[in-house]
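Counting from 1, position 73 in the sequence shown corresponds to residue 72 in numbering that gives the first Met the number 0; the numbering is continuous, with no gaps.
Glycine included, every Cβ here is placed at the ideal spot set by N, Cα and C.
Inspection log for the structure reproduced underneath, given as structure tokens.
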Amino acid sequence: MKKTFVKSLTLVLTIIAVVAMHASVTGAQENTIIRPSNRSGDFEFSVPIIYTDSATIKGSGDSSADLNSDWSAGFGIGYDINENFLINGLFAWSSRSYEAKDVLENGLTNRYNGTLDTFTISLNGTYYFLDKNITPFVSGGIGWTYLDTNIPNGLGESYCYWDPWWGYVCGTYVPTKTENDISFNAGLGVRWDITNSFSLQASYNKMWIDISKASGGMPDFNVYKMDIIFRSKS
């Protein structure tokens with residue numbers, strides 16, 4: 000996991016550095032030092048690079064699942080209502096390994112490994128404190144999160160179909176334990192409008208997912224984001 004983290008971090012920082020250098024060169028004549036933001040009325044397309052820290056989800060009877068940290072991504076579309084307020088929709092997905100602990104009726108424990116796949120769609124609002132191209136901000140939102148534990152939840156079902164390339168194909172589908180939950184998020188960070196069409200945004204966020212079987216309150220997650228933002232006037 001450590002080697003994967005280092006490789007992923009190196010790749011992300013390289014991409015950000017290349018994009019930022021290109022934007023700085025092409026926008027040199029736009030005066031990239033502190034200046035008015037000129038965000039009002041912009042449409043934004045963002046690509047968030049997301050790092051979610053490890054976390055533990057507690058269940059009933061002292062059961063639990065320890066989720067490993069990992070990278071993920073997504074995309075968002077937003078609109079700057081004015082220089083200080085942005086509203087946007089975000090779609091993000093992740094696949095994280097975990098180790099779960101089951102507690103048997105006799106008190107013994109059983110451990111197993113798995114992968115948790117999640118998909119989140121959220122509606123968010125961001126408030127920028129300054130009408131400048133460099134500004135701190137706070138954000139918050141509400142959304143829907145789909146979780147797939149990849150734990151078999153029934154007998155396998157066979158299916159067959161005609162494929163234009165492979166002909167008549169048959170396979171087996173095994174249903175897994177999934178659920179749909181309400182999720183919430185809040186964050187704070189800094190934004191830099193490098194040019195009138197390109198921005199970078201770094202933030203620390205908290206995410207809460209209302210998992211039905213979790214105990215001890217709603218599970219929360221530490222999320223770090225770097226948003227690569229492309230802007231255009233409406």
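{"Check": "Residues near tryptophan 92 in its chain [Cβ-Cβ closer than 7 Å; skip 5 each side]", "Outcome": "Ser71, Gly73, Thr117, Phe118"}
{"Check": "Own chain partners of valine 102 with C-beta closer than 7 Å, once the 5 adjacent residues on each side are dropped", "Outcome": "Gly60, Asp61, Ser62, Thr108"}
{"Check": "Assumed close pair tyrosine 145, phenylalanine 136 - CB separation to whole angstroms, cut-off 8 Å", "Outcome": "Their Cβ separation, rounded to whole angstroms, is 28 Å, which puts tyrosine 145 and phenylalanine 136 out of contact at 8 Å."}
{"Check": "Alanine 53 in three-state terms, based on DSSP", "Outcome": "The sequence given here has serine at residue 53, not alanine. Note: serine 53 maps to coil in three-state DSSP."}
{"Check": "Which of helix, strand or coil DSSP assigns to serine 59", "Outcome": "helix"}
{"Check": "Reduced DSSP secondary structure (H/G/I, E/B, other) of lysine 232", "Outcome": "strand"}
{"Check": "Short Cβ contact (8 Å threshold) for leucine 122 with glycine 88", "Outcome": "yes"}
{"Check": "Assigned secondary structure, tyrosine 223 (DSSP; H/G/I helix, E/B strand, else coil)", "Outcome": "strand"}
{"Check": "Rounded Cβ spacing between serine 214 and aspartate 180 (contact assumed at less than 8 Å)", "Outcome": "Not really, about 15 Å apart at Cβ, beyond 8 Å."}
{"Check": "Bridge-paired residues (DSSP) for serine 202", "Outcome": "Gly188, Lys224"}
{"Check": "Option in Ser68, Asn221, Ile86, Glu104 with minimal Cα separation from arginine 95", "Outcome": "Ser68"}
{"Check": "Burial state of asparagine 81, where buried means 16 or more other Cβ atoms lie within 10 Å", "Outcome": "exposed"}
{"Check": "In DSSP terms, what tryptophan 165 is bridged to", "Outcome": "Beta-bridge pairing links tryptophan 165 to no other residue."}
{"Check": "The region 175-192 in contact with the region 139-158 per 3-pair CB rule at 8 Å", "Outcome": "yes"}
{"Check": "Bridge partners - asparagine 112, DSSP secondary structure assignment", "Outcome": "Glu98"}
{"Check": "Strand pairing of threonine 144, partner residues [DSSP]", "Outcome": "Thr119, Asp180"}
{"Check": "Simplified DSSP state of serine 39, which is helix, strand or coil", "Outcome": "coil"}
{"Check": "Classification of serine 45 by the beta-carbon crowding that lies within 10 angstroms, buried from 16 upward", "Outcome": "buried"}
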